[in-house]
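Residue 127 in UniProt numbering sits at position 127 of the sequence shown, and the numbers go up by one each step.
Ideal Cβ placement from N, Cα and C applies to all residues, glycine included.
Treat the numbers as computed from the prediction; the structure is a model and nothing was measured.
Shown next, in C-alpha cells, is the structure this report addresses.
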Amino acid sequence: VVLDANQFVEPPETNADLLKRLCQKSIDDYNQENKTEYEFVKPLYANFHMSSGVMFLITFEVKDPVDNLAKQFQARIRYSFLDKTEFVFCRPRPAKEVSTDGDSVGEAVSTDEDNVGVGEENPKKPRLE
Numbered sequence: 001v002v003l004d005a006n007q008f009v010e011p012p013e014t015n016a017d018l019l020k021r022l023c024q025k026s027i028d029d030y031n032q033e034n035k036t037e038y039e040f041v042k043p044l045y046a047n048f049h050m051s052s053g054v055m056f057l058i059t060f061e062v063k064d065p066v067d068n069l070a071k072q073f074q075a076r077i078r079y080s081f082l083d084k085t086e087f088v089f090c091r092p093r094p095a096k097e098v099s100t101d102g103d104s105v106g107e108a109v110s111t112d113e114d115n116v117g118v119g120e121e122n123p124k125k126p127r128l129e
C-alpha cells in the first residue's frame, strides 16, 4: 500500500490515515477482548487484495505499557466502501524460530486458521498473506 496515495479514500485523506484508523480500531478491539492496554504507535506496512471490498493485512507497531517496549501486531481487515468493515483478526506478530546457525526457519506459532498447513513442507518457501 502506498501510504501517501489515496486510492482507498477520498482526498484530503490518505491511505496512511485509513491504515491508522483501521489499526487503532483493531488494537482497541484486541485490548477490550484480552483485557490489555497496548497503545497504537504507527502502521509499518500493509498488503491488500480485492475481495468484496479490500482485504488488508497490516503489520503495525504498538507500545506495551507493562514493559514500555515496542511490539509488532498484525491485523486482517476487510474494508468496504459500501458495507460495514469487518475486523477479521488482530494478534501479536508470530515470532520466527531461529536455528542454531542463525537462519530463520519459519513461523513458530500461527493462530490464523486460514493458514493451517501452509508452508509446512518447506519453511523457507515464501508465503502470500
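Can you find a C-beta in chain B that's less than 9 Å from the C-beta of residue i?
i     : result
Phe73 : Looking at the structure shown, chain B is missing, and only one protein chain is on hand.
Apply the 10 Å Cβ neighbour rule to residue i and answer buried if 16 or more other Cβ atoms are within range, or exposed otherwise.
i      : result
Leu69  : exposed
Pro43  : buried
Ser52  : exposed
Ala75  : buried
Ala108 : Confidence in Ala108 is poor, its pLDDT being 47 and thus under 50, which makes the residue's placement unreliable; the coordinate value appears in the next sentence. Label assigned to Ala108: exposed.
Does DSSP classify residue i as helix, strand or coil?
i     : result
Arg91 : strand
Ser52 : coil
Tyr38 : coil
Asp29 : helix
Leu18 : helix
Gln7  : coil
Val2  : coil
Do residue j and residue i count as a contact pair if the criterion is CB distance below 9 Å?
i     : j     : result
Phe40 : Phe48 : no
Val1  : Tyr45 : yes
Glu61 : Lys71 : yes
Apart from the five residues on each side of it in sequence, which residues of its chain come closer than 7 Å, Cβ to Cβ, to residue i?
i    : result
Gln7 : Asn15
Checklist entry - Taking contact to mean at least 3 C-beta pairs separated by less than 8 Å, is the region 74-85 in contact with the region 15-32? => result yes
Checklist entry - Hey, is the region 35-42 in contact with the region 55-74, meaning 3+ C-beta pairs nearer than 8 Å? => result yes
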